[in-house]
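In full-length UniProt numbering, the protein residues as written are 1 to 443.
Beta carbons are placed, not taken as given, at the ideal position from N, Cα and C, and that holds for glycine.
On a predicted model such as this, the values are computed, not experimentally measured, just so you know.
Here the structure comes first, spelled out in structure tokens, and everything after it is commentary.
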């Protein structure tokens with residue numbers, strides 16, 4: 001990503017042509033110069049550059065016949081022009097570096113006993129308790145989240161409601177799953193797979209979609225948190241692998257390229273470095289500027305002496321209004337964090353005893369699992385945001401204000417270390433959203 005002093009994007013080809021003399025003065029060897037020329041020096045537009053227009057970032061496919069250099073060479077070139085006063089930003093990161101899905105550890109994905117399905121459907125989707133057979137395994141979590149009160153407020157509200165589109169940047173979604181019937185929009189495959197698909201071969205994306213918006217009161221499986229949701233699945237990974245940064249950037253571009261996207265759930269994170277942070281900051285700023293609320297999790301780690309506290313993009317959230325980083329707390333003790341590396345979160349959300357749909361079908365029934373962790377916390381928070389936005393298209397900043405004003409107390413680690421933020425009260429947030437939506441309609 002290269003931007004001039006006015007903040008306008010400069011393509012890497014243009015920068016290369018503008019800085020031939022400077023590059024040689026910086027001591028780049030003739031052999032490396034020749035190889036870089038093959039990437040960017042031709043008269044025709046390079047075929048190794050992927051323009052991600054919605055987020056103003058370029059991906060260079062290094063190591064190919066058309067660009068016989070490494071990512072190290074590309075980034076050295078970008079850094080060589082960073083000292084030029086003509087540029088506001090000149091940042092480069094290794095696109096093949098992996099990030100990871102921030103799921104829970106022990107017990108994540110453990111299957112639970114099959115329960116019968118009735119396929120009875122209430123006309124009122126938010127009737128509590130729901131008739132979904134696995135709700136018995138969700139009840140502890142839903143009580144900690146005060147879903148009874150939250151759904152009750154929605155059911156008793158006056159303002160009309162609408163569907164809200166959530167882009168889930170993850171491992172995809174399981175096709176044909178009854179939990180998502182009528183809710184899934186046409187997706188996008190950012191994984192660079194030769195066979196384009198959003199089918200989930202990992203399971204994490206399906207789990208996140210289920211926590212957020214599984215069909216409620218349909219007599220099948222589990223209950224999600226939000227009813228009025230449309231899921232825009234964006235697959236970032238192939239097979240059971242974690243996504244690389246090239247796929248992540250491609251996914252963010254697809255989410256922001258869609259005019260329908262209102263919320264982004266990015267339950268993923270990677271190691272901190274300055275240039276990757278610059279890239280994330282630019283991408284997140286553009287999302288918020290387009291009116292998109294972003295939710296992302298903390299790291300699932302107890303190693304407070306590591307860089308896990310600076311996990312990206314969570315560590316940027318407090319400096320970017322409209323971007324929210326969510327920490328997981330224990331459902332039976334909601335003010336207690338599940339892990340210690342959560343200092344930079346926006347608020348805590350109960351996220352243990354979580355039931356999730358899986359991608360597995362066993363003979364005559366879908367298999368469900370139990371999980372915990374910060375991914376689940378972010379997905380639950382996204383469900384709350386959907387309920388709020390179903391009444392009014394609140395701006396990202398308004399959503400953040402309402403959520404932060406709807407926290408109570410201070411959460412703390414198991415060792416007793418108190419954080420600077422509180423526990424989210426979803427019922428309070430939804431009641432405030434309803435009140436503001438009602439006021440807007442009469443004024």
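**OP:** Find out if the Cβ-Cβ distance for the pair residue 69, residue 62 is shorter than 7 Å.
**Re:** yes
Original post:
What do you reckon, are the CB atoms on residue 230 and residue 185 nearer than 7 Å?
Top reply: yes
Subject >> Proximity below 7 Å, CB of residue 350 to CB of residue 331 >> reply: Yes, Cβ-Cβ distance for residue 350 and residue 331 is below 7 Å.
**OP:** Out of 181, 412, 321, 304, point me to the one whose CA is closest to residue 284's CA.
**Re:** 321
Original post:
So, is residue 160 buried or exposed, given that buried needs 16 or more other C-beta atoms within 10 angstroms?
Top reply: exposed
Subject >> Assigned secondary structure, residue 64 (DSSP; H/G/I helix, E/B strand, else coil) >> reply: strand
Original post:
What beta strand (DSSP E) runs, 3 residues minimum, are completely inside the stretch 347-390?
Top reply: Contiguous beta strand (DSSP E) elements confined to the stretch 347-390 occur at 347-350, 354-362, 365-371, taking only those with 3 or more residues.
Subject >> residue 177 classed as buried or exposed, judged by whether at least 16 other C-beta atoms fall within 10 angstroms >> reply: Residue burial is scored here from C-beta neighbours: residue 177 has at least 16 other C-beta atoms within 10 angstroms and is therefore classed as buried.
Original post:
With distances taken from CA atoms, which of 358, 374, 393, 371 is nearest residue 180?
Top reply: The shortest C-alpha separation from residue 180 is found at 358.
Original post:
Going by DSSP, which residues form a beta bridge with residue 230?
Top reply: 165
Subject >> residue 6, buried or exposed, once every other Cβ within 10 Å from all chains shown has been counted against 16 >> reply: Counting the other Cβ atoms within 10 Å of the Cβ of residue 6 gives fewer than 16, which makes it exposed.
Original post:
Between the stretch 429-443 and the stretch 401-419, do at least 3 Cβ pairs fall closer than 8 Å?
Top reply: yes
Original post:
If you pair each beta-carbon of the stretch 166-173 with each one of the stretch 265-277, do three or more pairs fall below 8 Å?
Top reply: yes
Subject >> Given 8 Å, three or more beta-carbon pairs between the stretch 339-347 and the stretch 409-426 >> reply: At 8 Å Cβ cutoff, the stretches touch.
Original post:
If you draw a straight line from the C-alpha of residue 14 to the C-alpha of residue 280, how long is it?
Top reply: 23 Å
Original post:
If you draw a straight line from the alpha carbon of residue 151 to that of residue 382, how long is it in whole angstroms?
Top reply: 15 Å
Original post:
Helix, strand or coil for residue 410 per DSSP?
Top reply: coil
Original post:
For residue 353, which option in 334, 366, 312 has the closest C-alpha, if you only look at C-alpha atoms?
Top reply: 334
Subject >> Buried versus exposed, by CB contacts within 10 Å (16 or more), residue 238 >> reply: buried
Subject >> Per DSSP, cross-strand counterpart(s) of residue 268 >> reply: 101
**OP:** Could you name the residues of the same chain whose beta carbon sits closer than 6 Å to that of residue 252, not counting the 5 residues immediately before and after it, in chain order?
**Re:** Once the five neighbours on either side are set aside, the close Cβ partners of residue 252 are 55, 283.
Subject >> Other residues of its chain near residue 4: CB distance less than 8 Å, five sequence neighbours each side excluded >> reply: 10, 86, 87, 88
Original post:
Roughly how many angstroms separate the alpha carbons of residue 98 and residue 130, rounded to a whole number?
Top reply: The alpha-carbon of residue 98 is positioned some 39 Å away from that of residue 130.
Original post:
Straight-line CA distance for residue 162 to residue 422?
Top reply: 30 Å
Original post:
Which residues does DSSP pair with residue 188 in a beta bridge?
Top reply: According to the DSSP secondary-structure assignment, residue 188 is paired through a beta bridge with 234.
Original post:
Can the beta-carbon of residue 132 be found less than 7 Å from the beta-carbon of residue 208?
Top reply: no
**OP:** Give the secondary structure of residue 141 by DSSP, where H, G and I count as helix, E and B as strand, and everything else as coil.
**Re:** helix
Subject >> Residues bridged to residue 297 (per DSSP) >> reply: 326
Original post:
Among 73, 12, 75, 127, which residue has its Cα nearest to the Cα of residue 46?
Top reply: 12
Original post:
Leaving out the 5 sequence neighbours to the left and right, which residues in its chain are closer than 6 Å to residue 437 when beta-carbon positions are compared?
Top reply: 159, 391, 392
**OP:** Please classify residue 374: is it buried, with 16 or more other beta-carbons within 10 angstroms of its beta-carbon, or exposed?
**Re:** buried
Original post:
Measuring CB to CB, does residue 270 end up less than 7 Å from residue 312?
Top reply: yes
Original post:
Under 7 Å, do residue 211 and residue 378 count as touching if we go by C-beta distance?
Top reply: no
Subject >> residue 366 classed as buried or exposed, judged by whether at least 16 other C-beta atoms fall within 10 angstroms >> reply: buried
**OP:** Within its chain, find whatever has a CB closer than 8 Å to the CB of residue 275; leave out the 5 residues flanking it on each side and keep chain order.
**Re:** 75, 91, 92, 93
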